[in-house]
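Undergrad: First the structure, which I've put down as structure tokens, then a few questions once you've had a look.
Here it is, written out as structure tokens:
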């Protein structure tokens, strides 16, 4: 599969939900497949909190795309038939404007001064991307977790520019527990001695320890308890392969390893910004979910997983019920999901078939 | 209610499960009520991971005891009828020998050199306490969470010295997810710049930030998602009472406050030691749970709570089934529990009645 990577500049800037303005910004995107003549086959993929624009295929630096099991030739989201686009979200750290990129106004990295962006802002920036790509509407906007929130928000904000929304392992708002978990992660980053109140770039250090702890916690919430139990149980880590002498159990070694790897590339200010955006999203804010959804024209596919305890399946049901009360065409499907919250990332025949049928219906 | 506090010295020392030996040690205990003439009314309470000997009544320094809703005159565990004893566990930081106490061999605080202790070691030290108090057997050993593990271990290790065991919100072993969560907490402590590899006493600092983050995470796991949601929802913290400007939501402010308070008194090495003991406990290790329980003579009351996701009610059922297969007299009761894992701490008419009936049966 051919991967096309582009850096797209938006000199017109973006007015943010916070009231601030980004004078200009860049989005890095990947695309797969070809836009057809009638421009009716474009699909937008929205990534989850720590994801990026590399959704599918293999890249020398970025490895295998985060949704490669679902997106590709003859896969559920078929790049032979559809023109599929994915961008790194504003505020991310994989190439789009964010804390690690240069602020044209100061000629220094934005760092902690990159403005707070929200799910609404992301959707607005993606609408600008759509216009720039000369696409009249998305046949589908889809994503899991925080990506699913964007798909829902697309259907609310731009009802005339989206035909279908795929909302997977997501919710119309973060729960109190979601916010609480994210706050622990942020606290761990902020209190890292190398954080320097967000100005670590000036000190040529990164708050790796804080990011590592944050990711270790995140990782637990992405997996189901059953999967952790069947994979690691209470097995002890053998001495020779311990990452650290403080480790006793295999599961500790695994989390240490995963956390360490993540801390080597993910930016701390991006971590804080992305989790704040996730916590802050509430589709029904200032009204209620049913009212917020009343103008939706897109057809919705809402998928939950029984093994997901971060965004349990009932959260999907709330969207479905609000949709039904608005006579929106929608389907709500719950799969077992072996992988907890991460289940949305993995192919299963049933899951892929449901997505494929939904796209082609 | 009269609270009697004693510091008891054991010059004979204790051989630990690890193979190490504590040459001598102290236990600080509280007791309530009076031992009767036949010495048949003694009850031992075992505290959870961050608890201490102050189980009931009000103390100027320690506040209200951790099980005050259950233990006291005319309460479920009735101090008018029973002689109730609670000790701070070895390795704790509330007065018993542990990382913060003086090592007689070096005349310096033990610090990180305090040996690893286990649930088995605690039970052995509590047996020595029983002998020192000249009590022939406990009418009841009871506790919640890590305290419930001790109650179970008592019934296994000393079948002739315990009549009844109350095992609340506990398990016969920690799950993979329990271990994983504790490892995140430990990682946060170890990576605090003031931890100094456990030798922070020498530097006149404490790794407060690490302990705070650890406790914030712990606190989430003790509460049910429903309780957090109904108490805090997605309410914003008002500006005037924010503990920190990084806080947006009430739940963040609450966790920050709770974590900060805890970090002011709890010892970091104790935190690591206590969680390692919890992770390490497996009643059926080297055999299986059923075989481990085959010599139990005590009657068991096993209580779980549907809202507890840290030690879900099914964990109690595993103990019950192993007990039934050994023809042990046992009852397994599951309550809704409003407070998640912490539900074992709180009085409800049903819960207190079940405990009372069990003690008096």
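Protein chains in written order, with our numbering: chain Z, 1 to 361; chain D, 1 to 361.
For glycine and all other residues, C-beta sits at the position ideal for the given N, C-alpha and C.
(1) Based on the DSSP secondary-structure assignment, which residues constitute the bridge partners of residue 22 of chain D?
(2) Using 8 Å as the Cβ pair cut-off and three pairs as the minimum, do the segment 338-357 of chain Z and the segment 297-308 of chain Z touch?
(3) Near residue 128 of chain D, which residues of its chain fall below 8 Å by C-beta distance, leaving aside the five closest residues on each side in sequence?
(4) Report the partner residues of residue 362 of chain Z according to the DSSP bridge assignment.
(5) Using a Cβ-Cβ cut-off of 7 Å, state whether residue 27 of chain Z counts as contacting chain D.
(6) Please state if the CB of residue 88 of chain Z and the CB of residue 139 of chain Z are separated by a distance shorter than 7 Å.
(7) Taking residue 355 of chain Z as part of the alpha helix (DSSP H), name the residues at either end of that continuous run.
(8) Report the partner residues of residue 108 of chain D according to the DSSP bridge assignment.
(9) Could you tell me whether the Cβ of residue 249 of chain Z comes closer than 7 Å to any Cβ of chain D?
(10) Could you give the distance in angstroms between the alpha-carbon of residue 167 of chain Z and the alpha-carbon of residue 258 of chain D?
(11) Does residue 153 of chain Z come within less than 7 Å of chain D when only Cβ atoms are used?
(12) To the nearest angstrom, report how far apart residue 348 of chain Z and residue 253 of chain D are at their CA atoms.
(13) So what's residue 62 of chain D in DSSP terms, helix, strand or just coil?
(14) Kindly indicate which three-state DSSP category residue 167 of chain Z falls into: helix, strand or coil?
(15) Quick check: the Cα distance between residue 171 of chain Z and residue 76 of chain Z, rounded to an integer number of angstroms?
(16) I want to verify the contact list: residues of chain Z whose CB lies under 7 Å from the CB of residue 20 of chain D, in sequence order.
(17) Looking at residue 201 of chain Z: is its Cβ nearer than 7 Å to the Cβ of residue 207 of chain Z?
(18) Note down, in chain order, every chain D residue with its Cβ under 7 Å from the Cβ of residue 179 of chain Z.
(19) My output table needs one value for residue 162 of chain D: the three-state DSSP class, helix, strand or coil.
(20) Let's see if you can read the secondary structure: which residues bound the alpha helix (DSSP H) around residue 272 of chain D?
(21) Could you pull the DSSP bridge partners for residue 142 of chain Z from this structure?
(22) When the Cα atoms are used, what is the spatial distance from residue 187 of chain Z to residue 137 of chain D?
(23) Closer than 7 Å between beta carbons: that is the criterion. Which residues of the segment 217-245 of chain Z meet it against chain D?
(24) With 9 Å as the limit, tell me which residues of the segment 276-295 of chain D have their beta carbon closer than that to any beta carbon of chain Z; keep them in chain order.
(25) Along the beta strand (DSSP E) that carries residue 232 of chain D, what are the first and last residues, could you check?
(26) Report, in whole angstroms, the separation of the C-beta atoms of residue 345 of chain D and residue 69 of chain D, which I expect to be a contact under 8 Å.
(27) Could you check whether residue 263 of chain D and residue 301 of chain D sit closer than 7 Å to each other, using their CB atoms as the reference points?
(28) Please classify residue 203 of chain Z: does DSSP put it in a helix, a strand, or coil?
(29) Tell me whether residue 9 of chain Z sits in a helix, a strand or coil according to DSSP, three-state version.
(30) Pull the bridge partners of residue 257 of chain D from the DSSP assignment, please.
(31) Taking only beta-carbon positions, decide if residue 5 of chain D is within less than 7 Å of chain Z.
(32) Quick check on residue 208 of chain Z - is its C-beta less than 7 Å from some C-beta in chain D?
(33) I'd like the span of the alpha helix (DSSP H) that includes residue 123 of chain Z, first residue to last.
(34) Measure the C-alpha to C-alpha separation of residue 292 of chain Z and residue 283 of chain Z and round it to an integer number of angstroms.
(35) For residue 73 of chain D, count neighbouring Cβ atoms within 10 angstroms of its own Cβ and tell me buried if that reaches 16, exposed if not.
TA: Taking the structure as given:
(1) Position 22 of the second chain, counting from 1, holds the residue named residue 22 of chain D. Bridge partners of residue 22 of chain D: D:14.
(2) Yes, the segment 338-357 of chain Z is in contact with the segment 297-308 of chain Z.
(3) As a working mapping, residue 128 of chain D is identified with position 128 in the second chain. 10, 12 and 14.
(4) This structure cannot settle anything about residue 362 of chain Z, because the visible part of chain Z is limited to 1 through 361.
(5) Walking along the first chain from the start, residue 27 of chain Z turns up at place 27. Answer no: the Cβ-Cβ gap between residue 27 of chain Z and chain D never drops below 7 Å.
(6) Residue 139 of chain Z sits at position 139 when you count from the first residue of the first chain. Residue 88 of chain Z sits at position 88 when you count from the first residue of the first chain. Going by C-beta atoms, residue 139 of chain Z is not nearer than 7 Å to residue 88 of chain Z.
(7) Along the first chain, read from residue 1 onward, the residue named residue 355 of chain Z stands at position 355. Note, residue 355 of chain Z: alpha helix (DSSP H), 349-360.
(8) Reading the second chain from its first residue, position 108 is the one you call residue 108 of chain D. DSSP, once it has assigned bridges, lists D:103 as partnering residue 108 of chain D.
(9) Numbered from 1 along the first chain, position 249 holds the residue referred to as residue 249 of chain Z. Output row for residue 249 of chain Z: interface = yes.
(10) Within the first chain, numbered from 1, the residue matching residue 167 of chain Z stands at position 167. Within the second chain, numbered from 1, the residue matching residue 258 of chain D stands at position 258. In this structure, the straight-line span from the alpha carbon of residue 167 of chain Z to that of residue 258 of chain D is close to 35 Å.
(11) Here residue 153 of chain Z is taken as the residue at index 153 of the first chain, counted from 1. Judged by the 7 Å Cβ criterion, residue 153 of chain Z is not in contact with chain D.
(12) Within the first chain, the letter at position 348 stands for residue 348 of chain Z. Within the second chain, the letter at position 253 stands for residue 253 of chain D. Here the alpha carbon of residue 348 of chain Z sits roughly 41 Å from the alpha carbon of residue 253 of chain D.
(13) Here residue 62 of chain D refers to the residue found at position 62 when the second chain is read from its first residue. Residue state for residue 62 of chain D is assigned as coil, using DSSP reduced to three classes.
(14) Mapped onto the first chain, residue 167 of chain Z falls at position 167. Here residue 167 of chain Z sits in strand by DSSP.
(15) Counting from 1 along the first chain, the entry for residue 171 of chain Z is found at position 171. Counting from 1 along the first chain, the entry for residue 76 of chain Z is found at position 76. Between residue 171 of chain Z and residue 76 of chain Z, the C-alpha separation is close to 22 Å.
(16) If you number the second chain from 1, residue 20 of chain D lands on position 20. What residue 20 of chain D touches in chain Z: nothing, since even the nearest Cβ is about 16 Å away.
(17) Taking the first chain and counting its residues from 1, one reaches residue 201 of chain Z at position 201. Taking the first chain and counting its residues from 1, one reaches residue 207 of chain Z at position 207. Not in contact: residue 201 of chain Z and residue 207 of chain Z (Cβ atoms no closer than 7 Å).
(18) Here residue 179 of chain Z corresponds to residue number 179 of the first chain, with the count starting at 1. Neighbours of residue 179 of chain Z on chain D, chain order: 249, 251 and 252.
(19) Taking the second chain and counting its residues from 1, the one referred to as residue 162 of chain D is at position 162. Three-state result, residue 162 of chain D: strand.
(20) Within the second chain, numbered from 1, the residue matching residue 272 of chain D stands at position 272. In this chain, the alpha helix (DSSP H) harbouring residue 272 of chain D covers 268-280.
(21) Residue 142 of chain Z sits at position 142 when you count from the first residue of the first chain. DSSP output for residue 142 of chain Z lists Z:45 and Z:166 as bridge partner(s).
(22) The residue you call residue 187 of chain Z lines up with position 187 of the first chain. The residue you call residue 137 of chain D lines up with position 137 of the second chain. Residue 187 of chain Z and residue 137 of chain D: Cα-Cα distance of roughly 47 Å.
(23) Among the residues of the segment 217-245 of chain Z, those with a Cβ less than 7 Å away from any Cβ of chain D are 217, 220, 225, 228, 229, 232, 233 and 234, in the order of the chain.
(24) For the segment 276-295 of chain D, which is checked against every Cβ of chain Z, the residues closer than 9 Å are 276, 279, 280, 282 and 285.
(25) If you number the second chain from 1, residue 232 of chain D lands on position 232. Taken as a continuous stretch (DSSP letters only), residue 232 of chain D belongs to no beta strand (DSSP E), being part of the alpha helix (DSSP H) at 225-232.
(26) Here residue 345 of chain D refers to the residue found at position 345 when the second chain is read from its first residue. Here residue 69 of chain D refers to the residue found at position 69 when the second chain is read from its first residue. About 7 Å separates the beta carbon of residue 345 of chain D from that of residue 69 of chain D, a gap short enough to meet the 8 Å contact definition.
(27) As a first step, residue 301 of chain D is located in the second chain; it is residue number 301 there, counting from the start. As a first step, residue 263 of chain D is located in the second chain; it is residue number 263 there, counting from the start. Cβ distance not < 7 Å, so residue 301 of chain D and residue 263 of chain D don't count as in contact.
(28) Sequence index remark: in the first chain, residue 203 of chain Z carries index 203 (1-based). It is helical.
(29) Here the question's residue 9 of chain Z lines up with position 9 in the first chain. Under the three-state reduction of DSSP output, residue 9 of chain Z falls in the strand class.
(30) Start at 1 with the first residue of the second chain, and residue 257 of chain D comes out as number 257. Its beta-bridge partners do not exist; DSSP assigns none.
(31) Position 5 of the second chain, counted from the start, is the residue given in the question as residue 5 of chain D. Taking Cβ atoms only, chain Z never reaches closer than 7 Å to residue 5 of chain D, which makes this a no.
(32) Counted from its first residue, the first chain places residue 208 of chain Z at position 208. Closer than 7 Å: no.
(33) Numbered from its first residue, the first chain carries residue 123 of chain Z at position 123. According to the DSSP assignment, residue 123 of chain Z belongs to the alpha helix (DSSP H) that extends over 119-132.
(34) For the purposes of this step, residue 292 of chain Z is taken as the residue at position 292 of the first chain. For the purposes of this step, residue 283 of chain Z is taken as the residue at position 283 of the first chain. Each residue's Cα considered, the two are about 7 Å apart.
(35) The count along the second chain starts at 1 and reaches residue 73 of chain D at position 73. Residue 73 of chain D is exposed by the Cβ-count criterion.
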